[in-house]
Amino acid sequence: MEEHIWWKVGRGGVNFWFDNWTKQGPLCSKLEGVMVQQNIQVFEVYRNGQWDWSKLIPHPPNFIKEMVFSTTLNVSQQAHDTPIWTCSENGKFSTVFAWNLFRQKRHISQFDKRIWHNDVPYNMAFLTWKATHGRIPTDDKVSKFGMVPEVETVEHLFSNGRYAQQVWGFFAGRIGIPYKNTSLGTLLSTVGISEPATPSPLMSLKLCLQLFYGSCGDQDAAPSMNQKIQHSIDPSH
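If you want it as structure tokens, here you go:
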């Protein structure tokens with residue numbers, strides 16, 4: 028993290044050897060295998076506009092002196108030493124920039140990109156993401172902990188089960204999309220997430236909610252969602 032911080036010298040309280048105040052990195056890093064003073068500060072070496080090299084142990088080689096001479100200083104006891112964050116344009120530290128330095132970004136999934144969309148209600152997007160990434164606590168997941176026998180799966184719940192096939196048959200069948208013996212990911216991609224060429228890209232997400240409410244026995248939510256899905260296909264209804 029420190030290699031991305033440059034110190035703008037004010038009073039000169041920065042470490043001569045270990046802080047990056049010349050914009051060329053810590054000076055100690057230029058001297059491989061050489062022991063240097065731990066706590067010598069710039070103002071102790073820079074006096075009245077002159078460098079007193081006798082204060083330093085070891086005596087700096089000429090290339091270190093040249094790096095120091097190339098640095099413009101305006102040392103003043105009234106000024107503050109200011110850390111400048113070199114990863115941002117304004118020089119101010121940002122947790123966003125810091126996080127991006129260390130995070131390992133994966134390839135952006137176009138499938139997920141269409142799920143997490145500003146026009147998609149959060150509950151639809153979250154449930155769809157959980158269903159397509161195996162995060163629904165169905166029986167096959169819970170059984171791994173020895174809690175229930177393996178019965179229900181995400182594919183059975185959202186695509187291949189009797190109730191799921193009825194829902195997909197009613198909606199996907201009306202627009203000529205094959206739905207039998209088809210995985211959930213393929214159904215969602217075909218209906219509108221990967222190729223939004225159907226009447227509404229949201230229809231597949233609404234279908235997921237319809238399947239979820241129906242499987243949970245929510246008699247109030249399922250009919251309401253059914254009407255919303257019908258409106259996605261035919262706004263005249």
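Residue numbers (my numbering): 28 to 264.
Positions of the beta carbon are idealized from the N, C-alpha and C atoms, including for glycine.
Looking at residue j and residue i, is the spacing between their C-beta atoms short of 7 Å?
| i | j | result |
| --- | --- | --- |
| residue 33 | residue 41 | no |
Distance check for residue j and residue i, CA to CA, integer angstroms please.
| i | j | result |
| --- | --- | --- |
| residue 102 | residue 126 | 33 Å |
| residue 129 | residue 214 | 36 Å |
| residue 110 | residue 94 | 19 Å |
| residue 212 | residue 131 | 26 Å |
| residue 149 | residue 155 | 10 Å |
| residue 143 | residue 153 | 8 Å |
| residue 82 | residue 61 | 17 Å |
| residue 38 | residue 70 | 7 Å |
| residue 44 | residue 118 | 22 Å |
| residue 264 | residue 190 | With a pLDDT of 49 at residue 264, under the threshold of 50, the modelled position of that residue is not reliable, and the figure given next carries that caveat. If I take the Cα positions, the gap works out to 23 Å. |
| residue 145 | residue 105 | 50 Å |
| residue 29 | residue 65 | 17 Å |
| residue 260 | residue 204 | Low confidence applies here, because residue 260 scores a pLDDT of 44, under 50, leaving its location unreliable and the question unanswered by this model. |
| residue 86 | residue 108 | 25 Å |
Since residue i and residue j should fall inside the 8 Å C-beta cutoff, what is the C-beta to C-beta distance between them, to a whole number of angstroms?
| i | j | result |
| --- | --- | --- |
| residue 181 | residue 158 | 6 Å |
| residue 50 | residue 91 | Contact doesn't hold; Cβ gap of about 14 Å is too wide. |
| residue 113 | residue 31 | 5 Å |
Would you mind reading off the limits of the beta strand (DSSP E) that contains residue i?
| i | result |
| --- | --- |
| residue 35 | 32 to 35 |
| residue 111 | 109 to 112 |
Between the options, which lies nearest to residue i when the distance is taken from Cα to Cα?
| i | options | result |
| --- | --- | --- |
| residue 167 | 179, 161 and 160 | 179 |
| residue 77 | 52, 147 and 96 | 96 |
| residue 161 | 210, 54 and 59 | 210 |
List the endpoints of the continuous alpha helix (DSSP H) containing residue i.
| i | result |
| --- | --- |
| residue 91 | 89 to 96 |
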